[in-house]
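**Q** I am attaching a structure below and will ask some questions about it afterwards.
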């Protein structure tokens, strides 16, 4: 697929003299002139002032000072297959770069800016040009004058640049008229904006000046003959319009239910046949024709076209005469056009918002575009070199994950051999009569999420929900054959991994990206069917203090336990030492042989052999853009993205050592160990003893604690106390006054101040993102705005609010203030309307009432909880506030029976 301009590539360079406030005019220009790549200079952007235009990707090289000065940027059509390159940024030169696939080769494109206030040397210019590849186009404002590219005079910069173009055999593509018209009429217009190219055929020797856009520089355009590759469409089996009745008929005819299912090879063939018939039926039922593509040329109203022509004429007249009153007329034309474009865009947005509806999903798609900005993976720096292409990124991620999906080195060789010997002992065979019915399979498919991304087979939940009876019977037969033969198909063990950047991590580091594993849905449906059968044998192994991935257990319940322990510390004048342990790559380092060792005597031999097959010969590929890495073997880990993986991890860590004087709280791999005592040194000594036993356990089971990410926090009101440091393998655990556990920041005196500060920051950010939908100018009705608040803003502070609701009234009022502000934005209420009246009219309770209701629900869920930890919870409640030593608020004061 080629670019919209199939026969050429249009590249434009323009000095914007501050880009941020020229959105509307630039958006019109790009679409009117069908610009493929725009090189913008003197952007004056910063990291806190991003710039985006719909349909284009923006890559910047901002001034290293961080101030609004200098800078360059590239705006390139998002549909073009391109890669971002690392920018070149110094005080003197800012160079943004990208590369595209052009005529079957790689073409680099750069946007160059160097302010005239800086002195340049030959080495500076040469180094900047040297960062471009063997085939490139470099355009921008060089602030270099020389007769070689049509300037009236030449300056020292021009002489330097001319020498470099001669030495490196660069082609200069310049216009035949001035590009810069200074505001000072005593200064002569001259050529400052042009292009340098190398090894590029099919270009004209001259560029065209476009007398548009508001700046003292005119845009300069060049065209390159050839084809540009476009981004490949995201592969999907459902292309609308889709004929579901035809899909079912084709499947019913193509499905072969008489396939042999006696051996592992038979099961692999049957799984392949099932995927093939679904692919065939989906392809035949999808629309054959491509949907009509909307034109890139904007359909503008007549008055805007007239204003655009007026501005062009005024600019042309001013550039030819340089008279001040012609400049005034030109400025007036700019203002009128800008005002008309702003009003036109407001009307277009109003019409777009009016069409939004929560029933058809359009409202939620719009909110997603406002609140979630998924950026492409930036250039990576690894092994002292930059990686820019999707293939290079995929390969470096694959090598990194190959090391990550492997067990830590064995430190206890004797125990390691003992585990291997035990696994190799013969199994005790037991009768097996389990099987699945088509009704069970159909019900499990219906309960699976429709939003889950497909695996490498591209088969999604809607395709499985609409399987006809015959195909459903084949799928059930395969599942039952898997139980009989204890074999898991190879195709369902292949994971496709995509990478998502972790927040607040350096973008250039490959370790800053989190892997997301996409598995075939067929395998996940089978795991969901198998899970209850496994839990009937394994549930008793999971310790009571483990609350992760368990029915009727939740994060707030575990937090309740931890916070209760800390508050009792205050009441009893004790010192509470707490250790919050971070296990390094916990799920990814699970030792398969160790896991099988723990499973062997606890589940029937059939399930054991099935899990053995499930864990064996797993593989993955990394997908980056449209590039795939080579397949890599998974040598450890519980499968990420699977249904069984979390439960298998819980079994693997189910025998963590405990200590009689310590309280353990665990949610998946988040472990907290708490010790309370009158003497702070004895309290921390209890933690050290527990840590020592954890060291031995981790060495045996080949997991690794990360001491630097673990935290040792002391909770107490006592002013004079002493504690000892806690060590892991000789490394001291950092001691901090607060820590974040299960999404809540716990500070030394449990004021919840740091936690509420973070909540307020998030509330402000989310309100700002949704303001186009919530503000008075938004045409959405009041009920829809209210729904947006309840769905997207209130949940930010609602989580665990029943627990941090024991904070002081002044702290909770900070959240109430944020709610008041949002509700006033929604209702556009004047200043004299009371907040209580707004809450009453919108039927939205105040924060304190929501907190009380939230804790009441949490308390009721704990009161009759099946976990023995909570069995005597009601008897351990603190006395009323008046009878306590400390008169501070307690979350249990909010319980309904108080």
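Numbering (UniProt numbering), first residue to last: 1 to 898. Ideal Cβ positions, reconstructed from N, Cα and C, are used throughout, including at glycine.
I think residue 566 touches residue 576, with their Cβ atoms under 8 Å apart; what is that distance to the nearest whole Å?
**A** 6 Å
**Q** If we require 3 or more residues per run, which beta strand (DSSP E) segments fall completely within the region 848 to 873?
**A** none
**Q** Could you check the C-alpha separation between residue 252 and residue 466 for me, to the nearest Å?
**A** A straight-line Cα-Cα distance of about 11 Å links residue 252 and residue 466.
**Q** According to DSSP, which residues form a beta bridge with residue 139?
**A** 111, 195
**Q** Whole angstroms is fine: what's the gap from residue 289's alpha carbon to residue 828's?
**A** In this prediction, residue 289 scores a pLDDT of 43, lower than 50, which makes its location untrustworthy; the coordinate-derived value is nonetheless stated afterwards. Cα to Cα, residue 289 sits roughly 47 Å from residue 828.
**Q** Could you compute how far the alpha carbon of residue 306 sits from the alpha carbon of residue 347?
**A** 19 Å
**Q** Given 8 Å as the limit, is there contact between the region 427 to 437 and the region 209 to 229, that is, 3 or more CB pairs closer than that?
**A** Touching, no, given that fewer than three Cβ pairs across the two stretches are closer than 8 Å.
**Q** Identify the residues that DSSP records as bridge partners of residue 516: which are they?
**A** 498
**Q** What's the call for residue 204, buried or exposed, on a 16-neighbour Cβ count within 10 Å?
**A** Looking at its Cβ environment, which holds fewer than 16 other Cβ atoms inside 10 Å, residue 204 is exposed.
**Q** Tell me, to the nearest whole angstrom, how far the beta carbon of residue 100 is from that of residue 81; I am working on the premise that it is less than 8 Å.
**A** 7 Å
**Q** Under 8 Å, do residue 610 and residue 486 count as touching if we go by C-beta distance?
**A** By the CB criterion at 8 Å, residue 610 and residue 486 fall inside the cutoff.
**Q** Measuring CB to CB, does residue 826 end up less than 8 Å from residue 786?
**A** yes
**Q** Sort 478, 145, 70 by Cα distance to residue 266 and report the nearest one.
**A** 478
**Q** Check residue 735 in the structure and name its three-state DSSP category.
**A** strand
**Q** Kindly indicate which three-state DSSP category residue 748 falls into: helix, strand or coil?
**A** coil
**Q** Name, in chain order, the residues that DSSP records as bridge partners for residue 74.
**A** According to DSSP, residue 74 shares a beta bridge with 39, 59.
**Q** Helix, strand or coil for residue 339, going by three-state DSSP, please let me know.
**A** helix
**Q** Just the C-alpha distance for residue 38 and residue 168, rounded to the nearest angstrom, thanks.
**A** 25 Å
**Q** For a quick check, are the C-beta atoms of residue 622 and residue 271 less than 8 Å apart?
**A** Residue 622 is not a Cβ neighbour of residue 271, given a cutoff of 8 Å.
**Q** For residue 740, which of helix, strand or coil comes out of DSSP?
**A** strand
**Q** Is the region 86 to 104 touching the region 15 to 22, taking contact as three or more C-beta pairs under 8 Å?
**A** Result no; under three Cβ-Cβ pairs closer than 8 Å.
**Q** Could you compute how far the alpha carbon of residue 126 sits from the alpha carbon of residue 514?
**A** 38 Å
**Q** In angstroms, rounded to a whole number, what distance separates the CA positions of residue 454 and residue 590?
**A** 25 Å
**Q** By how many angstroms is the C-alpha of residue 634 removed from the C-alpha of residue 488?
**A** 15 Å
**Q** At the level of alpha carbons, what is the spacing between residue 293 and residue 29?
**A** Annotation note: pLDDT 45 at residue 293 (below 50); position unreliable, no value reported.
**Q** State the Cα-Cα distance for the pair residue 178 and residue 206, rounded to the nearest angstrom.
**A** 13 Å
**Q** So, using beta-carbon positions, are residue 586 and residue 699 closer together than 8 Å?
**A** no
**Q** Let's test the definition: count the other Cβ atoms within 10 Å of the Cβ of residue 297 and tell me whether it reaches 16, buried, or not, exposed.
**A** Reliability fails at residue 297, whose pLDDT of 48 lies under 50, so the model's placement of it is uncertain and the value that follows must be treated cautiously. With fewer than 16 other Cβ atoms within 10 Å, it is exposed.
**Q** So, for residue 379: in the same chain, excluding its five sequence neighbours on each side, which residues have a beta-carbon less than 7 Å away from its beta-carbon?
**A** Beyond the five residues adjoining it in sequence on each side, residue 379 comes within less than 7 Å, by CB distance, of 84, 85, 86, 386, 387, 388, 508 in the same chain, given in chain order.
**Q** Ends of the alpha helix (DSSP H) at residue 394?
**A** 390 to 404
**Q** Measure from the alpha carbon of residue 532 to the alpha carbon of each residue in 94, 727, 648, 67, then state which is nearest.
**A** 648
**Q** Relative to the C-alpha of residue 580, which residue among 365, 510, 684, 522 is closest?
**A** 684
**Q** Using only CA atoms, which one of 511, 776, 114 lies nearest to residue 350?
**A** 776
**Q** Name the two residues that bound the continuous beta strand (DSSP E) containing residue 674.
**A** Run containing residue 674: 670 to 677, per the beta strand (DSSP E) assignment.
**Q** Indicate whether residue 854 and residue 798 have their beta-carbon atoms separated by less than 8 Å.
**A** yes
**Q** Which partner residues of residue 13 appear in the DSSP bridge assignment?
**A** 39, 220
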